[in-house]
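Residue 4 is where the sequence shown starts when you use the numbering used here, and the numbers rise one by one after that.
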Amino acid sequence: MPRQNPPADPRGRRLGARLESLAADLELAIGSAGVVRDPEVAATYTTDWTGRYGPKRAVVARPTNAEEIALCLDAAASHGVAVVPQGGNTGLVGGSVPNRHDTLVLSTRRCRQIGPIDEVTGQITVGAGVTLAELNSALRGSGWRFAVDFAARDSATIGGMVATNAGGIRVFRHGSTRQQVVGLEYVAADGRIARHLDAMAKDNTGYDLKSLLCGSEGTLAVISAVRLRLIPEVGESVVALCSFADLDEAIGFAWEIRQRVPGSEAIEYLDGACADLVAMTRRVALPVRGAAMILVEAAASVAPLDDLAAGIAAAGSRPDDVAFGIEPSQRRELWRLRDELTIALAALGTVHKYDVSVPHDRISHVRERTEAGLARLAPRSTAWWFGHVCDDNVHLNLTGPELGVAHGAERVDESTVAPRSLDELVFGVVVDAGGSISAEHGIGVHKVPYLHLARSATEIAHMRAIKAAFDPQSILNPGVILPG
């Protein structure tokens, strides 16, 4: 039967002959409970969190282990259908959803095994579909914790975190997800399963494939299980919200605290407007106000409040005001200012998100140049600045009536600003300042046209060679990371 034309609405009821045949084969392989045919339900898997990418016509497979993943890949290959591996679908650059019709979304959310904690080595093996919050819950009371944390913990899965080398609020102290991975189980594009989940702290046997797969965004293999390194739980923690009238003063203070307070676990920057927005729209208490805010969490087995207060008092850059969160409820309330910022921004409408790295002594310069460019391109837009300041990770979100409702790089109508114009402005300023176009969100689809700004032609050629070695038919997440 010839391939059917796409329906006008990708949420329509018709899948087309090829996807219907694939869905039938998948149901035989992993059971009907593991296959989503309904386009309305599938649309929740084919639209990303930002709403800028999707929906696309697709079948969704939900395997429970590596063997079922292999069966899904075999079925997709036999039908000539590309595969998009997906974890919690919390990505922001279009890398976890299809960028074309007639694909298979391979969701690992049902790979939910949680192994026992190895109390001697401080390690644990978990399925790719376990969320960060579920891992934290499993570790509670054990004396161990996972080093990586961020606001999307309730939805983000461990497999997705590995595939994107997720960062978050503790990178400056403990490293990104890559630094926490001891071993992987993965399924190659041709269906072969590789298991290397041994607990050896030292294993210097050839190429470090696990590190290569970390950050590969589903383009090289499908991660099914992960062996993780844990860190000891800390006794007590305290949070401080510090306000400043000047951005440079705030950044200087943050770096001083990193050096002066050995137990500092997180040091976050929020523009004062961001804090005001969350306080107003999310009903969060805002005990101090300023043009720039630094949120610090410090932990210690004894007297973390004394350590943090002493560090603040000794800093050369003094905050205008400080509010401490000592009790758990107080700490949670202060953290809501950061954790609920993304939700508050999403309520404003379309949000154009940028995740970049900028040398700390160039952040003010980048902000000034970017806002000058925005004044020309989109004078009614608003720039929201925040980030993980002590690892040079800056998040810039843009909102405003001129930005419209955009999908990918398409212009919606003549009254909107083309997203590509915004991209060229932001990435150009960042690269000129010696920064990176992606700090932690990856390349996905959004940043593919700009990869050459971050990598040389030789590096991109080597990336293509690696992709060809792992996935010679290019069925895994085509169009992600590499151009063309």
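Just so it is clear, CB atoms sit at the ideal spot from N, CA and C, and this is done for glycine as well.
Computed from a predicted model, the values in this text were never measured in an experiment.
| Asked | Found |
| --- | --- |
| Is the separation between the beta-carbon of L25 and that of H82 shorter than 9 Å? | yes |
| So, helix, strand or coil for A1, using DSSP? | The shown model of the chain, from 4 to 487, leaves out residue 1, and the question about it has no answer. |
| Expressed to the nearest angstrom, what Euclidean distance is found between the alpha-carbon atoms of H355 and I33? | 38 Å |
| May I ask which residues mark the beginning and end of the beta strand (DSSP E) holding G186? | 184 to 191 |
| As an exercise, report each continuous alpha helix (DSSP H) stretch of at least 4 residues that is fully enclosed by the stretch 262 to 286, in chain order. | 275 to 284 |
| Can you find the residues in the same chain that come closer than 7 Å, C-beta to C-beta, to N68, ignoring five residues on each side of it along the sequence? | C114, S227 |
| Between T93 and L344, what straight-line distance do the alpha-carbon atoms span, to the nearest angstrom? | 15 Å |
| Quick one: is Y210 buried, meaning 16 or more other Cβ sit within 10 Å of its Cβ, or exposed? | exposed |
| Note down, in chain order, each residue of its chain lying with its Cβ closer than 8 Å to the Cβ of T402, except the 5 sequence neighbours on either side. | L348, L351, G352, T353, V354, H355, S384, T385, W387 |
| Can the beta-carbon of A61 be found less than 9 Å from the beta-carbon of V38? | no |
| I need the boundaries of the beta strand (DSSP E) containing E300, first residue and last residue. | 295 to 303 |
| Counting along the chain, where does the beta strand (DSSP E) carrying D249 start and finish? | Premise fails: D249 is in no beta strand (DSSP E) and is neither H nor E. |
| Kindly identify the DSSP beta-bridge partner or partners of I478. | Per DSSP, none; premise fails for I478. |
| When you compare each of A169, G218, V397, S179 to L250 by their alpha carbons, which one comes out closest? | V397 |
| Given a threshold of 16 other Cβ atoms within 10 Å of its Cβ, counted over all protein chains shown, does M4 qualify as buried or as exposed? | Low confidence applies to M4: its pLDDT is 31, below 50, so where it sits in the model is not reliable, and the reading given next is rough at best. It is exposed - the Cβ of M4 has fewer than 16 other Cβ atoms within 10 Å. |
| Candidates A191, P66, V133, G132: which alpha carbon is nearest I478's? | A191 |
| Taking 6 Å as the limit between beta carbons, can you name the residues of its chain near G2, skipping five residues before and five after? | The structure shown has nothing for residue 2, since the chain only spans 4 to 487. |
| Rounded to whole angstroms, what is the Cα-Cα separation between A1 and G438? | One cannot answer for residue 1 here, as it falls past the ends of the chain, which runs 4 to 487. |
| Going by DSSP in three states, G221 sits in which element: helix, strand or coil? | coil |
| Exposed or buried, S332, counting other C-beta atoms within 10 Å across all chains shown (16 or more means buried)? | exposed |
| Does DSSP put T373 in a helix, in a strand, or in coil? | helix |
| Can you give me the C-alpha to C-alpha distance between Y189 and V420, rounded to a whole angstrom? | 42 Å |
| Quick check: the stretch 264 to 277 against the stretch 200 to 216, are at least 3 beta-carbon pairs closer than 8 Å? | no |
| Hey, N139 and R156 are a contact pair by Cβ (cut 8 Å); roughly how many whole angstroms apart? | 7 Å |
| Report the option in E405, H449, P404 whose CA atom is closest to the CA atom of D426. | H449 |
| Give the single residue among E30, I329, R17 whose Cα lies nearest to the Cα of L311. | I329 |
| Could you pull out every residue in the same chain whose Cβ sits closer than 6 Å to the Cβ of A85, ignoring the five residues on either side in sequence? | T106, I478, P481 |
| Rounded to the nearest angstrom, how far is the Cβ of G447 from that of G98, given a contact under 8 Å? | 3 Å |
| For H444, which residues from the same chain have a beta carbon less than 6 Å from its beta carbon, with the 5 sequence-adjacent residues on both sides left out? | L95, V96, D358 |
| Buried or exposed, going by whether 16 or more other CB atoms sit within 10 Å of the CB of P42? | buried |
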